[in-house]
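If you use the numbering used here, the sequence shown closes out at 217, no skipped numbers anywhere.
A short worksheet on the structure shown next.
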Amino acid sequence: MPTILITGANRGIGLALARSYVRDGWRVFATSRKPDKSPIEGIETLALDLTCPASIKVLKLKLADIPIDILWNNAGVYLDKNQALEQVDNHDWLRSFEVNCIAPIRIAEALVENVILSERKVIAFTTSKMSSLAGNGVGAYAYRSSKTALNMAVRCFEQDHKAQGISCLLLHPGHVRTDMGGPEGAIDIDTSVTGMRKLVDQINPTSRTEMSRGIFDYDGSNIPW
Ligand SMILES: NC(=O)c1ccc[n+]([C@@H]2O[C@H](COP(=O)([O-])OP(=O)(O)OC[C@H]3O[C@@H](n4cnc5c(N)ncnc54)[C@H](OP(=O)(O)O)[C@@H]3O)[C@@H](O)[C@H]2O)c1
């Protein structure tokens, strides 16, 4: 039975991913800050505050020696939504970097041995189209810059672990109707999850190099850096 660990899996896209994989017979670890109850039968919930190093350490110890086929760094924050630069608090900007860029890499670092032990050896990172330097977006300084930084950090992490056969993927889920995306989102959660799974689930050693270049939209199209 393949195993996946998904961060931020108590709501939004993360929860839908967990539901989808458990339905398909995967062993699913769903992390959240307050895992008081299992959202769905079969899902194993684990506590994880992304920005707390002690919390990451405890998670690492709990999962020792368990192979993880897909580690999906999904959790994220969009603290400066609809804010102009003058409204963005420095604390929120730093917090965005902490949650969106530093934490996913620290989690990947902590669980890399679990991924190496697995057959698929995939680490997926949910970034955003808003991170693209080639895009012409405006505003959202904290969110955009934290996700652009994530893209670079992922490329560094991948280079560091090339020899171990790990595939690192950067995925844009689309503009999705969640708490973050809002009701104005272009697609529903299931469309996003189905699309991203098509990309992630087909990763094998031969598709590795191709998938490792660039950011992939949920529909499989390539988003320029
Ligand atoms: N929705 C979109 O249109 C869209 C577009 C592009 C990219 N994305 C990306 O897709 C991912 C999922 O987004 P979503 O729309 O599902 O967002 P969401 O509904 O707001 O859910 C965000 C998740 O991240 C978790 N999280 C935030 N800070 C955390 C922390 N410090 N420790 C642990 N968990 C934390 C939240 O947990 P709590 O419940 O504890 O807060 C929640 O589970 C994010 O990385 C986001 O940037 C979304």
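Yeah, the Cβ is synthetic: ideal placement off N, Cα and C, and Gly gets one too.
Please read all numbers here as calculations on a predicted model, not as lab measurements.
Run of the beta strand (DSSP E) containing residue i, from where it starts to where it stops
i: I(-2); result: T(-5) to I(-2)
i: V91; result: That residue, V91, is in no beta strand (DSSP E); it is neither H nor E in DSSP.
i: A222; result: The structure shown has nothing for residue 222, since the chain only spans -7 to 217.
i: V114; result: V114 to T118
i: I195; result: Where I195 is concerned, there is no enclosing beta strand (DSSP E), given that its DSSP letter is neither H nor E.
i: L38; result: I35 to A39
CB of residue i within 8 Å of CB of residue j, strictly
i: T(-5); j: D41; result: no
i: W140; j: E90; result: The residue asked about is misnamed: residue 140 is Thr in this sequence, not Trp. Contact flag unset, no.
i: I(-2); j: R112; result: no
i: Y135; j: L77; result: no
i: G34; j: V14; result: yes
i: S123; j: S88; result: no
i: L63; j: D84; result: no
i: I235; j: I48; result: Outside the shown range of the chain (-7 to 217) lies residue 235, about which nothing can therefore be said.
i: S12; j: V185; result: yes
i: P59; j: S120; result: no
i: A102; j: L161; result: no
i: A46; j: P27; result: no
i: D159; j: V104; result: Note that residue 159 is Ser in the sequence shown, not Asp. No; because the gap between Cβ atoms is not below 8 Å, this pair is not in contact.
i: I207; j: N106; result: no
i: H167; j: I181; result: no
i: K190; j: G174; result: no
Residues bridged to residue i (per DSSP)
i: I60; result: Answer is none; I60 lacks a bridge partner.
i: N214; result: F208
Opening and closing residue of the alpha helix (DSSP H) in which residue i lies
i: S24; result: No alpha helix (DSSP H) holds S24; the beta strand (DSSP E) holding it covers R19 to S24.
i: A1; result: Neither: A1 is in no alpha helix (DSSP H) and is coded neither H nor E.
i: I48; result: P45 to K54
Practice prompt. Tell me the start and end of each unbroken alpha helix (DSSP H) in the segment 120 to 183 that is at least 4 residues and wholly inside, in chain order.
Written response: 133 to 152
Practice prompt. Kindly provide the ranges of any alpha helix (DSSP H) runs that are 4 or more residues long and lie completely inside the segment 62 to 88, ordered along the chain.
Written response: If we require 4 residues or more, the segment 62 to 88 turns out to have no alpha helix (DSSP H) run fully inside it.
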